[in-house]
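In the working numbering, the protein residues as written are 69 to 438.
Beta carbons: idealized from backbone N, C-alpha and C, even for Gly.
Please read these numbers as outputs of a predicted model, since none were measured by experiment.
Have a look at the structure below before the remarks.
Now the structure itself:
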């Protein structure tokens, strides 16, 4: 797939993926109520998302290297269908857990596929496709969350937002399949491994990818800690009401989207500077949250932390995009994304453990240390 067609797949895929997680985040209370679960049972069921995602992420990359981005299109369609299935069949802890395992596997596969498409597009076009695609994701999360919340407030069932999402994911899947067919007929410059005198690369240098994935895990741990706990933090520490507490994750996602759109080009031009600056801003913003005396200051800290974390993972993926051979891009993306996803899973748990020991403000200091 050439640069322009891969970029179309990436942007469409990230829009659908962000829409999915926006719908899911806003629908969790409704899913819990429909299934009749306690908080503990819901927590157990949610573990199956990660259990399904991790193996699927490892397997998706090699499959992409073999079958190309037509697979991305079919995965996007499957994601929409699985969301609808979970909304209709999640009637108890067992059925919901099984559904969430399938949902985790599908979403993990899509995660790898769309990031690989963005990496292909960035390398071919020399434009900051990865950062812009992640910005599209963040913006889509915000829009889908607000839309789903409005639908729930108007009295719609849990399934309605997922049905709308399935239509959007299906359209994105068709775009991916169509552009993959179009792009496959366009000659591309030979990779270094394909030029005369060079053997094709049949494997991936694992250690550098593990290091980059580990850095991505730290970034995701901080990001998901704030996304998951910010509303709870504002409510428990600052006695914010439900509407004001909900501003925490909304502000975080909105600032992340704006930062990724505004700073997309800087990540490819000055990656080391962006990584250091982003990590510093994320830590400083988290300290502001921990020490804030009112909601306004806490929200300002969340905004600073969001701006810092927003640039980290796209910049790391950009480093991979520039160095990895196209013949093994899927496998390389699988390694980085899977290791980074461990941080995404660990972040909220990390806050929970620290908050039990030292309270939520102390837990935020521990997050800043990451």
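Check, Outcome
"Candidates 431, 163 and 306, of which the one nearest residue 110 by Cα", "163"
"Touching by the beta-carbon criterion (3+ pairs, under 8 Å), the region 192 to 203 and the region 134 to 153", "no"
"Residue 438 (DSSP reduced to helix, strand or coil)", "coil"
"For residue 307 and residue 411, the rounded distance between their alpha carbons", "29 Å"
"Outcome for residue 424 when other beta-carbon atoms lying within 10 angstroms are tallied against a minimum of 16", "exposed"
"Status (buried if at least 16 other CB within 10 Å, exposed otherwise) for residue 202", "buried"
"C-alpha gap between residue 420 and residue 431, whole angstroms", "8 Å"
"Cα-Cα separation, residue 480 to residue 281", "Nothing can be reported for residue 480, as the shown portion of the chain is limited to 69 through 438."
"Alpha-carbon spacing of residue 373 relative to residue 320, whole angstroms", "8 Å"
"Beta-carbon proximity of residue 337 to residue 377, cut-off 8 Å", "no"
"Status (buried if at least 16 other CB within 10 Å, exposed otherwise) for residue 266", "Summary for residue 266: the model assigns pLDDT 38, below 50, so the residue's position carries little reliability; its value from the coordinates is reported in the next sentence. The residue is exposed, with fewer than 16 neighbouring Cβ atoms inside 10 Å."
"Nearest-angstrom Cβ-Cβ length linking residue 198 and residue 353, presumed shorter than 8 Å", "23 Å between Cβ atoms; not a contact."
"First and last residue of the uninterrupted alpha helix (DSSP H) at residue 128", "107 to 135"
"Separation of residue 200 from residue 248, as counted between CA atoms", "20 Å"
"Separation of residue 152 from residue 382, as counted between CA atoms", "30 Å"
"Sub-8 Å separation of residue 29 and residue 240 beta-carbons", "Look at the range of the chain in this structure, 69 to 438, and you will see that residue 29 is not part of it."
"Assigned secondary structure, residue 317 (DSSP; H/G/I helix, E/B strand, else coil)", "helix"
"Three-way DSSP call (helix, strand, coil) for residue 361 in this model", "coil"
"Inter-residue CB distance, residue 346 and residue 380 (contact presumed, cutoff 8 Å)", "5 Å"
"Stretch-stretch touch, CB-based, cutoff 8 Å, three pairs: the region 113 to 131 with the region 158 to 177", "yes"
"Alpha-carbon spacing of residue 20 relative to residue 437, whole angstroms", "Because the chain is modelled from 69 through 438, residue 20 falls outside the range shown and cannot be assessed."
"Counted within 10 angstroms of its Cβ, other Cβ atoms place residue 344 as buried (16 or more) or exposed", "exposed"
"Given residue 312 as reference, the closest of 107, 322 and 299 once Cα atoms are compared", "299"
"Environment of residue 274 [buried if 16+ CB atoms lie within 10 Å]", "exposed"
"Continuous alpha helix (DSSP H) stretch holding residue 222: start and end", "Looking at the DSSP string, residue 222 is not in any alpha helix (DSSP H), and its letter there is neither H nor E."
"Three-way DSSP call (helix, strand, coil) for residue 21 in this model", "The requested residue 21 is not part of the displayed model; the chain covers only 69 to 438."
"Spatial distance of residue 130 from residue 317 (CA atoms)", "34 Å"
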